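A short worksheet on the structure shown next.
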Amino acid sequence: MYRSFSVSNFRNFKSLSISDLKRINIIIGKNNTGKTSLLEALYLHMGCMHPELTLKLLNFRGIPGSEASAKAIWGSLFYQYNIDSEITLSATYPDNTKANLSISLQQAPTSLVEIKPPTDGLIEIPEKVTTSAQLPLISERMLAYKYKHRSTESTRLTSLKLKKSELNLEINPPVTDNPFPGFFIPARTQLDPSSVARRLGELQVNRKDKPVVYALRLIEPNLKSLSIIPIGPVSTIHADTGLTTLLPLQLAGEGMTNMSEIIIDIASAPKGIVLIDDIGTGIHYSVLHLFWKVIFKLAVKLD
């Protein structure tokens with residue numbers, strides 16, 4: 593989906609450019625060299641219509657959102673915490689078109705001024721401006737998202753607000769669909785099993801779940817099928833391995849859980865992108881070559 597990608601003023605990257613990207617790309621390097629930061633930059637560019645992904649990155653890193661200044665909330669996104677700079681994420685697609693996303697912090701309004709029509713035909717300049725309501729802004733700055741692809745250009749402004757002790761992001765204009773589907777599987781955050789089950793259910797309805805079962809049989813040869821079973825308000829994936837009862841997938845081991853998430857996301861993103869942080873976690877080395885074969889086959893089939 594990407595042929596090249598460049599980053600400036602994001603995380604620990606003052607400037608970075610990658611060219612000649614292929615269908616499958618593996619990023620390697622020592623600790624603290626920016627591997628995850630590069631995936632996060634790609635994630636933000638993929639979700640160019642969704643500024644709320646900036647807060648999700650904090651959750652991925654294990655940083656809780658709280659009432660704080662713009663620098664405390666968003667500062668880590670900017671190179672050397674310089675919130676006066678502009679983040680630029682640029683990509684070239686296979687058709688040689690370019691898509692640019694710029695992220696910056698702009699001064700936010702602190703109050704709303706009530707404008708009333710004149711009642712006596714006179715327009716009076718008041719001695720003192722009064723406000724009708726104070727905006728419940730948490731941050732003194734607004735996050736500005738500017739995206740441009742071909743002749744299309746859009747700008748979204750966001751403001752942080754506190755509602756029932758939870759941090760909320762107000763986006764104007766409202767978000768729209770992304771140009772293509774995509775997923776980011778972080779290394780640290782435990783993913784919502786009901787969300788994974790929902791995506792598997794969509795694959796099963798369209799009879800596109802066979803690659804998932806095939807891949808999981810690399811780890812558990814006795815696997816017969818996968819079922820989605822509600823337990824209380826939450827639906828989870830259960831595996832039929834020939835036992836007297838179905839087994840929740842989480843109890844089948846870390847490898848089964850991680851592999852299922854990866855294959856389900858790939859199968860759910862035709863003509864899209866899947867970013868994976870620490871892809872081999874929990875998967876035994878003896879089946880890694882088969883695992884990669886499944887990924888390559890799916891990537892080619894689903895483009």
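Position in the sequence shown counted from 1, then plus 592, gives you the numbering used here.
Glycine included, C-beta positions come from ideal geometry on N, C-alpha and C.
Values in this document were obtained by computation on a predicted structure and should not be read as measured data.
Of the listed residues S696, L697, F776, E853, nearest to G874 (C-alpha basis)
Within the sequence shown, numbered from 1, the residue matching residue 874 stands at position 282. That would be E853, whose Cα lies nearest to the Cα of G874.
Can you give the Cα-Cα distance for L843 and S600, rounded to whole angstroms?
Position 251 of the sequence shown, counting from 1, holds the residue named residue 843. Position 8 of the sequence shown, counting from 1, holds the residue named residue 600. Spanning the two alpha carbons is a distance of roughly 42 Å.
Within a Cβ cutoff of 8 Å, which residues of the same chain sit near E745, ignoring the five residues on either side of it in sequence?
Counted from its first residue, the sequence shown places residue 745 at position 153. Answer for E745: K738, Y739, listed in chain order.
So, is D801 buried or exposed, given that buried needs 16 or more other C-beta atoms within 10 angstroms?
Locating residue 801 in the sequence shown gives position 209, where the first residue counts as 1. When all chains shown are included, D801 counts as buried.
Less than 8 Å between the CB atoms is what I'm expecting for T696 and K690, so what's the real figure, rounded?
Within the sequence shown, the letter at position 104 stands for residue 696. Within the sequence shown, the letter at position 98 stands for residue 690. In the sequence as displayed, the identity of residue 696 is Ser instead of Thr. Contact flag wrong, Cβ pair sits at about 19 Å.
Which residues in the same chain have their Cβ closer than 6 Å to the Cβ of P778, if we skip the five residues on either side of it in sequence?
Against the sequence shown, residue 778 aligns to sequence position 186. Here the set comprises F652, D869.
What are the boundary residues of the alpha helix (DSSP H) that P773 is part of?
Residue 773 sits at position 181 when you count from the first residue of the sequence shown. Counting along the chain, P773 falls outside any alpha helix (DSSP H), and DSSP gives it neither H nor E.
Opposite M734 in the DSSP bridges: which residues?
Taking the sequence shown and counting its residues from 1, the one referred to as residue 734 is at position 142. In DSSP, M734 forms a bridge with Q698.
C-beta contact flag for N814 and G834 at 8 Å:
Taking the sequence shown and counting its residues from 1, one reaches residue 814 at position 222. Taking the sequence shown and counting its residues from 1, one reaches residue 834 at position 242. Yes, the pair counts as a contact, with Cβ atoms nearer than the cut-off.
Just how far apart, CA to CA, sit Y806 and P766?
Within the sequence shown, residue 806 is the residue found at index 214, counting from 1. Within the sequence shown, residue 766 is the residue found at index 174, counting from 1. Cα to Cα, the separation comes out at about 40 Å.
Helix, strand or coil: which one does DSSP assign to Y739?
Looking up residue 739 in the sequence shown gives position 147. Y739 falls in the strand class under three-state DSSP.
Near I715, what residues of its chain come up, given a Cβ to Cβ distance below 6 Å and the 5 sequence neighbours on each side ignored?
Working through the sequence shown from its first residue, we reach residue 715 at position 123. Confidence at I715 is low in this model, with a pLDDT of 48, below 50, so the placement of that residue should be treated as unreliable; the coordinate-derived value is given next. Excluding positions up to five away in sequence, the list is empty.
Measure the alpha-carbon distance for E644 versus T836 and round it to whole angstroms.
The sequence position of residue 644 within the sequence shown is 52, counting from 1. The sequence position of residue 836 within the sequence shown is 244, counting from 1. Taken atom to atom, the span from the alpha-carbon of E644 to that of T836 is near 44 Å.
Nearest residue (CA-CA) to T828, options L841, N624, S817:
The residue you call residue 828 lines up with position 236 of the sequence shown. Checked all of L841, N624, S817; the closest Cα to T828 is L841.
Using the DSSP secondary-structure output, state which residues sit across from D832 in a beta bridge.
For the purposes of this step, residue 832 is taken as the residue at position 240 of the sequence shown. Paired residues: S817.
Where does S878 sit, in a helix, a strand or coil, going by DSSP?
In the sequence shown, residue 878 corresponds to position 286, counting from 1. Three-state DSSP puts S878 in a helix.
C-alpha distance - I823 paired with N617, whole-angstrom precision:
Start at 1 with the first residue of the sequence shown, and residue 823 comes out as number 231. Start at 1 with the first residue of the sequence shown, and residue 617 comes out as number 25. Rounded to whole angstroms, the gap between the alpha carbons of I823 and N617 is 38 Å.
Got a sec? Which residues, its chain only, sit under 7 Å from L882 by beta carbon, not counting five neighbours each side?
Position 290 of the sequence shown, counted from the first residue, corresponds to residue 882. Closer than 7 Å at the Cβ level, and outside the excluded window around L882, lie L810.
How many angstroms separate the CA atom of S598 from the CA atom of D612?
Taking the sequence shown and counting its residues from 1, the one referred to as residue 598 is at position 6. Taking the sequence shown and counting its residues from 1, the one referred to as residue 612 is at position 20. Computed Cα separation, rounded: 12 Å.
Between which residues of its own chain and L669 is the CB-CB distance below 8 Å, once the five residues before and five after are set aside?
Translated into the one-based positions of the sequence shown, residue 669 becomes position 77. Around L669: F602, R603, T646, L649, I679, I695.
Counting only the same chain and skipping the five closest in sequence on each side, list residues whose C-beta sits under 6 Å from that of F776.
Start at 1 with the first residue of the sequence shown, and residue 776 comes out as number 184. Excluding positions up to five away in sequence, the list reads Y635, L867.
Own chain residues within Cβ distance below 6 Å of Y671, not counting five before or after
One-based indexing of the sequence shown puts residue 671 at position 79. If we look at Y671 and ignore the five residues flanking it on each side, its Cβ neighbours are N601, K606.
Do G774 and I887 count as a contact pair if the criterion is CB distance below 8 Å?
Here residue 887 is taken as the residue at index 295 of the sequence shown, counted from 1. Here residue 774 is taken as the residue at index 182 of the sequence shown, counted from 1. No; because the gap between Cβ atoms is not below 8 Å, this pair is not in contact.
Could you give the residue range of the beta strand (DSSP E) that holds A807?
Position 215 of the sequence shown holds residue 807. Judged by DSSP secondary structure, A807 falls outside any beta strand (DSSP E) and instead within the alpha helix (DSSP H) spanning 802 to 808.
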